[in-house]
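A quick write-up on the structure given underneath.
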Amino acid sequence: MHAGIERALFAAIALSSCCALPTVPPEEAVRTGLNDRFLDEDLVVDDWIARFEVESREVALQRDVIVAALELANGEHVADVGAGTGLFLEPFSKAVGEGGRLYPVEISPRFVDHLRQRVQDESLDNVRVTHCSETDSGLQAETVDAVFICDTYHHFTYPMTTLASLHRAIRPGGRLYLVDFERIPGVSSDWLLGHVRADKATFRAEVEAAGFTFEEELSVGLKENYMLRFRR
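According to numbering that gives the first Met the number 0, the sequence shown is numbered sequentially starting from 0.
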């Protein structure tokens, strides 16, 4: 009797060992320190409003065209990853309507505070500000129909880990929109070449490697930036 139990236990242990999944090593940071200034508790939000929300910034100038290109429907749930000071806060909230949800996702504690204050002051009842980390979007599984990443992807310290988090958060058939800087040696400024780690083709390949299907590059009047649409 005891011998039979021992043999069964041994077999179960052996089987579990064979079926155990290999441990996946954590992703190495592609770059460090790029977000330090945004994590600073002494960050002055007004200084960044003056940089992010002016028409000399191309995505601010083309904001309405970009929002229209997302084709957001009333009732949809959308996440603005790297929402910053809230350039897209009001138009996204309006686009999804009272039955929808907007999740401005931010890593900066000061930006999170600012966004929450704006939500309160502007009575944006369909907005849920979300504080993320460098590896996790903070979004629950299959909660959004669309993810929007504007001039933020190149700030991802762990891009593949973060993309995996976003893939989980998007419902099947949902969209991911990527807006980032064109990085072209000999054309782009020295500052941009040093600031943005890779070009459009590289970023597209990374998003595809995370399980998304590339659909098209959208024409929204951008010259310094590009806008890509992917499907989950």
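In this text, a Cβ means the ideal position worked out from N, Cα and C, and glycines have one as well.
(message) Tell me which residues share the same chain as L162 and place their Cβ nearer than 6 angstroms to its Cβ, disregarding the 5 neighbours each side in the sequence.
(response) Excluding sequence neighbours, L162 sits near A209.
(message) How far does the alpha helix (DSSP H) with P184 in it extend, from its first residue to its last?
(response) P184 -> no alpha helix (DSSP H), and no H or E assigned at all.
(request) Closer than 7 angstroms by C-beta to Y242: which residues in its own chain qualify, once you throw out the five before and the five after it? Chain order, please. (result) Summary: the structure shown does not reach residue 242, with the chain confined to residues 0 through 231, and so no result is reported for it.
(request) Buried or exposed for S107, please, with buried defined as at least 16 other CB atoms from any protein chain shown within 10 angstroms of its CB. (result) Burial call: buried.
(request) Just mark L20 as buried or exposed, buried being the case when its beta carbon has 16 or more other beta carbons within 10 Å. (result) The predicted model places L20 with a pLDDT of 40, which falls under 50 and marks its position as unreliable; any figure quoted below should be read in that light. Looking at its Cβ environment, which holds fewer than 16 other Cβ atoms inside 10 Å, L20 is exposed.
(request) Tell me the start and end of each unbroken alpha helix (DSSP H) in the stretch 89-169 that is at least 4 residues and wholly inside, in chain order. (result) 108-120, 158-168
(request) For E216, write down the residues that DSSP places opposite it in a beta bridge. (result) Answer is L227.
(request) Just grab the DSSP bridge partners of D79 for me. (result) P103, F147
(message) What does the Cβ neighbour count give for A168, buried or exposed, with the cut at 16 atoms within 10 Å?
(response) buried
(message) Give me, in chain order, the residues of the same chain whose beta-carbon lies closer than 7 angstroms to that of E234; leave out the 5 immediate sequence neighbours on both sides.
(response) Because residue 234 is not part of the residues shown, which for the chain are 0 to 231, the question remains open.
(request) Would you tell me roughly how many angstroms separate the C-alpha atoms of N140 and G98, rounded to the nearest one? (result) According to the sequence as given, residue 140 is Ala; it is not Asn. Each residue's alpha carbon lies about 19 angstroms from the other.
(request) Would you kindly check if the distance between the Cβ of E223 and the Cβ of E57 is under 7 angstroms? (result) yes
(request) Within the same chain, show all residues whose beta-carbon is closer than 8 angstroms to that of L191, passing over the 5 residues directly before and after it, in chain order. (result) Same-chain partners within the cutoff: F180, R182.
(request) Just mark A49 as buried or exposed, buried being the case when its beta carbon has 16 or more other beta carbons within 10 Å. (result) A49 comes out exposed.
(request) Figure out for me which residue from D35, L60, V44, G137 has the closest Cα to the Cα of D79. (result) G137
(request) State the Cα-Cα distance for the pair A13 and P184, rounded to the nearest angstrom. (result) Bear in mind that a pLDDT of 42 at A13, under 50, signals an unreliable position, so the number given afterwards is only what the model happens to contain. C-alpha separation (whole angstroms): 55 angstroms.
(message) Considering only their Cβ atoms, is the gap separating L33 from H154 smaller than 7 angstroms?
(response) yes
(request) Whole angstroms is fine: what's the gap from N125's alpha carbon to G96's? (result) Each residue's alpha carbon lies about 8 angstroms from the other.
(message) Taking DSSP's pairing of strands, which residues face D63 in a bridge?
(response) In the DSSP output, where bridge partners are listed per residue, D63 has none listed.
(message) Measuring only the C-alpha atoms, how far is Y152 from L177?
(response) For the pair Y152 and L177, the Cα-to-Cα distance works out to about 8 angstroms.
(request) Would you kindly work out how many angstroms separate the C-alpha atoms of R77 and D35, rounded to a whole number? (result) Checking the displayed sequence, the identity of residue 77 turns out to be Val instead of Arg. Rounded to whole angstroms, the separation of the alpha carbons of D35 and V77 is 27 angstroms.
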